[in-house]
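Chains as they are written, first to last, in this note's numbering: chain A, 33 to 431; chain B, 8 to 174.
Backbone N, C-alpha and C fix where the C-beta goes; we use that ideal spot for every residue, glycine too.
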């Protein structure tokens, strides 16, 4: 409150304060940006965040390692499976275990599906904010298919909680693979349609080229990761640079932009969708049978039918639920390439049932912190375009 | 790699080190922290990935070990090497800001101030980031109650506001 009051005192009558958000169609979540305007030119943009702060890190300190998984769903809720995967990878790094081949492959499969869905939201909604409604409709049909696939696999569309420490909640069901194959064909066609509507569209060019441009040094200095960093010309992708889950065995390219503006971010995301489809196709080709969770009774829960029929399994179940896993003492930072950039989990363990400290490093917080620099001197309409291309998800921004 | 460089160029700066599960961690005293940051920046650690803190209220306060660890994660984009730097600070002690060198430090430092109450000296806008200005206490301290206590001060607040000063 004070920040606005002070600016209002300094106003000389020509400047105006406009609130963008916290509840505004283009903020997609509860973000508030205080814009100081001269005419329609932005002099100052002050983001105010925290409207969705619910203390995820504090809660994590009071939940066991397995119990934290549903909270990761609610970080980036557009691609919740990727958060599940990122968190499970971090705890597995702390435990020092390797998960079964099939679990790795299915994790890659669902992560890439989630990346496509997330980029669809970003590109589609960015276009809607700028005024191009049609592309959004073509793309969102595919997003529905992805969520149907998630529902098949995990039982839920958005809050999937699909991973467990040491593997997955369950194997993908029968019928998942043929439906994914059909999705690959249809999604490819939908991306083509979207590109026909936007990529060479002069209005789209006018609205996006040169808007929010950023150079590679600045992008790194602001802590950019993910598509926004790659659009600025830095070919940094953790799937290639620091491979996890066997990403080094897949054949895919990293699209890189040159100017870092909204148009380049759009192009990078569209190409990443195509590359993700390529990875999914390779996963489907090599998917091998086997267990989807480590068979270590000290880490993963025994199957239900054994719990009901065997004494040892019942004991393992009881011990895991009541006492939790035996965790080593130490600290790890594990990062995965989520749809928005580097999603990191820093876990400090004191050997107890719960993490001593769990830190989520959200990819969009550093990106959003550069908002003022990105929109200074532009028009309100451009601020909306930049905001959309940054793909700010309040769930992971505020935690 | 980088740790040998640090040992060579800032001898004695590292007071503790370990490499658990392949994560390189070094502990440095606050006095040599800024020199270390200069060195890291020169050596290519230009992406400041994260700043956070860990509260250890049980830890005995002595000359060089304070209540909090401020934890920095750096990434070298050229060599893909990661480095974790930890600096111990006591309750009420301030850290030097990195906003001059890394713009991304701005919000990360505000978040650490908000949730732990560690101030950063020289920060241009040392205000809370996630909670509101009048919020009583600092939520990620171990002595902050899990249910949030009385954040709206319905029963009259006794907790300190922003370390004693009201916004």
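So that I know if they touch, is there some Cβ in chain B lying closer than 8 Å to that of residue 55 of chain A?
In the first chain, counting from the first residue as 1, residue 55 of chain A sits at position 23. Chain B contact via Cβ: absent.
Whose C-alpha, out of A:360, A:239, A:89, is nearest the C-alpha of residue 158 of chain A?
By 1-based counting over the first chain, the position of residue 158 of chain A is 126. It is A:239.
In three-state DSSP terms, what is residue 110 of chain A?
Looking up residue 110 of chain A in the first chain gives position 78. Reduced to three states, the DSSP call for residue 110 of chain A is coil.
When the distance is taken between beta carbons, is residue 30 of chain B closer than 8 Å to residue 91 of chain B?
In the second chain, counting from the first residue as 1, residue 91 of chain B sits at position 84. In the second chain, counting from the first residue as 1, residue 30 of chain B sits at position 23. Taking 8 Å as the Cβ cut-off, residue 91 of chain B and residue 30 of chain B qualify as a contacting pair.
Please list, in chain order, the chain B residues whose beta carbon lies closer than 8 Å to that of residue 85 of chain A.
Numbered from 1 along the first chain, position 53 holds the residue referred to as residue 85 of chain A. Within 8 Å Cβ-Cβ: 137, 138.
Going by C-alpha to C-alpha distance, which of A:99, A:103, A:77 sits closest to residue 431 of chain A?
Position 399 of the first chain, counted from the start, is the residue given in the question as residue 431 of chain A. Residue 431 of chain A has its Cα closest to that of A:103, out of A:99, A:103, A:77.
Using the three-state DSSP reduction, which class does residue 76 of chain A fall into: helix, strand or coil?
Residue mapping note: residue 76 of chain A aligns to position 44 of the first chain, counting from 1. Correct three-state label for residue 76 of chain A: strand.
Using the rule of at least 16 other Cβ atoms within 10 Å of the residue's Cβ for burial, across every protein chain shown, is residue 167 of chain B buried or exposed?
Mapped onto the second chain, residue 167 of chain B falls at position 160. Residue confidence is low: residue 167 of chain B scores 48 on pLDDT, short of 50, so the model does not pin down where it sits. No coordinate-derived value is stated.
For a cutoff of 8 Å on Cβ pairs, would you count residue 16 of chain B as touching chain A?
Looking up residue 16 of chain B in the second chain gives position 9. Cβ-Cβ to chain A under 8 Å: no for residue 16 of chain B.
Contact criterion: CB-CB distance below 8 Å. Does residue 391 of chain A meet it with respect to chain B?
Within the first chain, residue 391 of chain A is the residue found at index 359, counting from 1. At least one chain B Cβ lies under 8 Å of residue 391 of chain A.
Give a yes or no on whether the minimum CB-CB distance between residue 146 of chain A and chain B is below 8 Å.
Within the first chain, residue 146 of chain A is the residue found at index 114, counting from 1. With 8 Å as the cut-off, residue 146 of chain A does not count as an interface residue toward chain B.
Thinking C-beta only, is residue 349 of chain A closer than 8 Å to residue 333 of chain A?
Here residue 333 of chain A refers to the residue found at position 301 of the first chain. Here residue 349 of chain A refers to the residue found at position 317 of the first chain. Yes, these two residues count as a Cβ contact at 8 Å.
Please list the partners that residue 384 of chain A has in chain B, where partner means a Cβ-to-Cβ separation under 8 Å.
For the purposes of this step, residue 384 of chain A is taken as the residue at position 352 of the first chain. Result: empty, since nearest Cβ-Cβ is about 13 Å, beyond 8 Å.
For residue 401 of chain A, is the classification buried or exposed, using 16 other Cβ atoms within 10 angstroms of its Cβ as the cut-off for buried?
Reading the first chain from its first residue, position 369 is the one you call residue 401 of chain A. Residue 401 of chain A should be labelled buried.
Determine which residues share a DSSP beta bridge with residue 144 of chain A and list them.
Position 112 of the first chain holds residue 144 of chain A. DSSP output for residue 144 of chain A lists no bridge partner at all.
Measuring only between beta-carbons, confirm whether residue 22 of chain B sits less than 8 Å from chain A.
The residue you call residue 22 of chain B lines up with position 15 of the second chain. Closer than 8 Å: no.
Between residue 119 of chain A and the rest of its own chain, which residues show a CB-CB distance below 7 Å, the 5 nearest in sequence each way excluded?
Along the first chain, read from residue 1 onward, the residue named residue 119 of chain A stands at position 87. Once the five neighbours on either side are set aside, the close Cβ partners of residue 119 of chain A are 100, 101, 104, 377.
Are any of the Cβ atoms in chain B nearer than 8 Å to that of residue 275 of chain A?
For this step, residue 275 of chain A is matched to residue 243 along the first chain. Not one chain B Cβ lies under 8 Å of residue 275 of chain A.
Tell me the start and end of each unbroken alpha helix (DSSP H) in the region 248-313 of chain A that is at least 4 residues and wholly inside, in chain order.
248-253, 259-263, 270-273
For residue 428 of chain A and residue 351 of chain A, I'd like the C-alpha separation in whole angstroms.
If you number the first chain from 1, residue 428 of chain A lands on position 396. If you number the first chain from 1, residue 351 of chain A lands on position 319. Spanning the two alpha carbons is a distance of roughly 33 Å.
CB of residue 111 of chain A within 8 Å of CB of residue 161 of chain A, strictly
For the purposes of this step, residue 111 of chain A is taken as residue 79 along the first chain, with counting starting at 1. For the purposes of this step, residue 161 of chain A is taken as residue 129 along the first chain, with counting starting at 1. No. Outside cutoff.
Contact under 8 Å by Cβ, residue 203 of chain A with residue 324 of chain A
Counting from 1 along the first chain, the entry for residue 203 of chain A is found at position 171. Counting from 1 along the first chain, the entry for residue 324 of chain A is found at position 292. Closer than 8 Å, so yes.
Report yes or no: is there a C-beta of chain A within less than 8 Å of the C-beta of residue 78 of chain B?
Along the second chain, read from residue 1 onward, the residue named residue 78 of chain B stands at position 71. With 8 Å as the cut-off, residue 78 of chain B counts as an interface residue toward chain A.
Other residues of its chain near residue 233 of chain A: CB distance less than 8 Å, five sequence neighbours each side excluded
For the purposes of this step, residue 233 of chain A is identified with residue 201 of the first chain, where counting begins at 1. Correct list, in chain order: 164.
Which first and last residues belong to the beta strand (DSSP E) in which residue 81 of chain B is found?
Mapped onto the second chain, residue 81 of chain B falls at position 74. Where residue 81 of chain B is concerned, the enclosing beta strand (DSSP E) stretches over 75-83.
Beta-carbon spacing of residue 75 of chain B, residue 21 of chain B below 8 Å:
Within the second chain, numbered from 1, the residue matching residue 75 of chain B stands at position 68. Within the second chain, numbered from 1, the residue matching residue 21 of chain B stands at position 14. Contact: no.
Give the interface partners of residue 430 of chain A over in chain B, defined as CB-CB distance under 7 Å, in chain order.
Here the question's residue 430 of chain A lines up with position 398 in the first chain. Within 7 Å Cβ-Cβ: 137.
Excluding sequence positions up to five away, which residues of its chain have a Cβ less than 8 Å from the Cβ of residue 50 of chain B?
Start at 1 with the first residue of the second chain, and residue 50 of chain B comes out as number 43. The answer, listed in chain order, is 9, 12, 83.
Does the pairing of the region 259-271 of chain A with the region 288-298 of chain A give three or more beta-carbon distances under 8 Å?
yes
Using beta-carbon positions only, say whether residue 181 of chain A and residue 208 of chain A come within less than 8 Å of one another.
For the purposes of this step, residue 181 of chain A is taken as the residue at position 149 of the first chain. For the purposes of this step, residue 208 of chain A is taken as the residue at position 176 of the first chain. Yes; because the gap between Cβ atoms is below 8 Å, this pair is in contact.
Hey, quick one: how far does the alpha helix (DSSP H) through residue 31 of chain B stretch, first residue to last?
Working through the second chain from its first residue, we reach residue 31 of chain B at position 24. No alpha helix (DSSP H) holds residue 31 of chain B; the beta strand (DSSP E) holding it covers 30-34.
If you compare alpha carbons, which of A:241, A:143, A:292 is closest to residue 194 of chain A?
For this step, residue 194 of chain A is matched to residue 162 along the first chain. Closest option to residue 194 of chain A, Cα to Cα, is A:143.
Counting only beta-carbon separations shorter than 8 Å, does residue 75 of chain B have a partner in chain A?
Stepping through the second chain from its first residue, residue 75 of chain B is reached at position 68. No, no contact with chain A.
Less than 8 Å between the CB atoms is what I'm expecting for residue 36 of chain B and residue 149 of chain B, so what's the real figure, rounded?
In the second chain, the residue the question calls residue 36 of chain B occupies position 29. In the second chain, the residue the question calls residue 149 of chain B occupies position 142. Residue 36 of chain B to residue 149 of chain B, Cβ: 23 Å. No contact.
Does the distance from the CB of residue 309 of chain A to the CB of residue 137 of chain A come in under 8 Å?
In the first chain, residue 309 of chain A corresponds to position 277, counting from 1. In the first chain, residue 137 of chain A corresponds to position 105, counting from 1. Going by C-beta atoms, residue 309 of chain A is not nearer than 8 Å to residue 137 of chain A.
Starting from the beta carbon of residue 268 of chain A, find every residue of chain B whose beta carbon is closer than 7 Å, and list them in chain order.
Counting from one through the first chain, the residue named residue 268 of chain A turns up at place 236. The answer, in chain order, is 84.
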